[in-house]
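Student:
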Amino acid sequence: SSGVVIGIIGSVGSARLNFLRELPGKYETKEYKGPLEIVCGQGSIALKDAELITHVHIQLSSPDECRGGHLVEAKVFSTAEVVIAELDYQLRRYTDPYTGLNELQF
Numbered sequence: 001s002s003g004v005v006i007g008i009i010g011s012v013g014s015a016r017l018n019f020l021r022e023l024p025g026k027y028e029t030k031e032y033k034g035p036l037e038i039v040c041g042q043g044s045i046a047l048k049d050a051e052l053i054t055h056v057h058i059q060l061s062s063p064d065e066c067r068g069g070h071l072v073e074a075k076v077f078s079t080a081e082v083v084i085a086e087l088d089y090q091l092r093r094y095t096d097p098y099t100g101l102n103e104l105q106f
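Okay, here's the thing in structure tokens:
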């Protein structure tokens, strides 16, 4: 089944985020220590080769700055409220030969 991550709020104790730097698919990964507030997050849940792939972008804040990117991993600090809407059709992903990224296919 497929879905859309409509929103995420809460806090994390740590998080790893990816940032696309070059094509095809070259990322830089950064790790952040918290606690950090989850200001917002959204994404999709789609099927690729019989496996569900979650693609979420998130924005995190501390008292002095905000940062955001592609969520790789996070450890919840106090709570994380994640709102997901299930779709009545299947979203699928495929690997784009040019970008090397897992793109959504509609």
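For the record, in the sequence shown the residue sitting at position 77 is 77 according to our numbering, with numbers rising by one throughout. A virtual CB, placed ideally from N, CA and C, is assigned to each residue, including glycine.
#1: Out of curiosity, what's the CA-to-CA distance linking I9 and G100?
#2: Counting C-beta neighbours from all protein chains within 10 Å, is the total for L23 16 or more, i.e. buried, or is it exposed?
#3: Which of the three DSSP states, helix, strand or coil, is assigned to F106?
#4: Around the C-beta of L71, are 16 or more other C-beta atoms found within 10 angstroms, so that it is buried, or is it exposed?
#5: How about F77 and G25: are their beta carbons less than 7 Å apart?
#6: Going by DSSP, what residue range makes up the beta strand (DSSP E) through E65?
#7: Suppose only complete runs of 3+ residues qualify. What are the beta strand (DSSP E) ranges in the stretch 22-79, listed by chain order?
#8: What residue from L91, G69 and L60 has the CA that sits closest to P35's CA?
#9: Please list, in chain order, all residues of the same chain as Y89 whose beta carbon is under 8 Å from its beta carbon, the five residues on each side excluded.
Tutor: Here's the rundown:
#1: If you number the sequence shown from 1, residue 9 lands on position 9. If you number the sequence shown from 1, residue 100 lands on position 100. Distance between the alpha carbons of I9 and G100: 30 Å.
#2: On the sequence shown, residue 23 is found 23 positions in, with the first residue counted as 1. Answer is exposed; the Cβ neighbour count stays below 16.
#3: On the sequence shown, position 106 is the one that residue 106 refers to. In the structure shown, F106 sits in coil (DSSP, three-state: anything other than H, G, I, E or B).
#4: Indexing the sequence shown from 1 puts residue 71 at position 71. Classification for L71: buried.
#5: Along the sequence shown, read from residue 1 onward, the residue named residue 77 stands at position 77. Along the sequence shown, read from residue 1 onward, the residue named residue 25 stands at position 25. G25 sits away from F77, with the two beta carbons spaced by 7 Å or more.
#6: Position 65 of the sequence shown, counting from 1, holds the residue named residue 65. From DSSP, E65 is part of no beta strand (DSSP E); its letter is neither H nor E.
#7: Counting only runs of 3 or more residues that sit fully inside the stretch 22-79, the beta strand (DSSP E) segments are 26-48 and 51-61, in chain order.
#8: Within the sequence shown, the letter at position 35 stands for residue 35. When only C-alpha atoms are compared, the closest one is L60.
#9: Residue 89 sits at position 89 when you count from the first residue of the sequence shown. Around Y89: S2.
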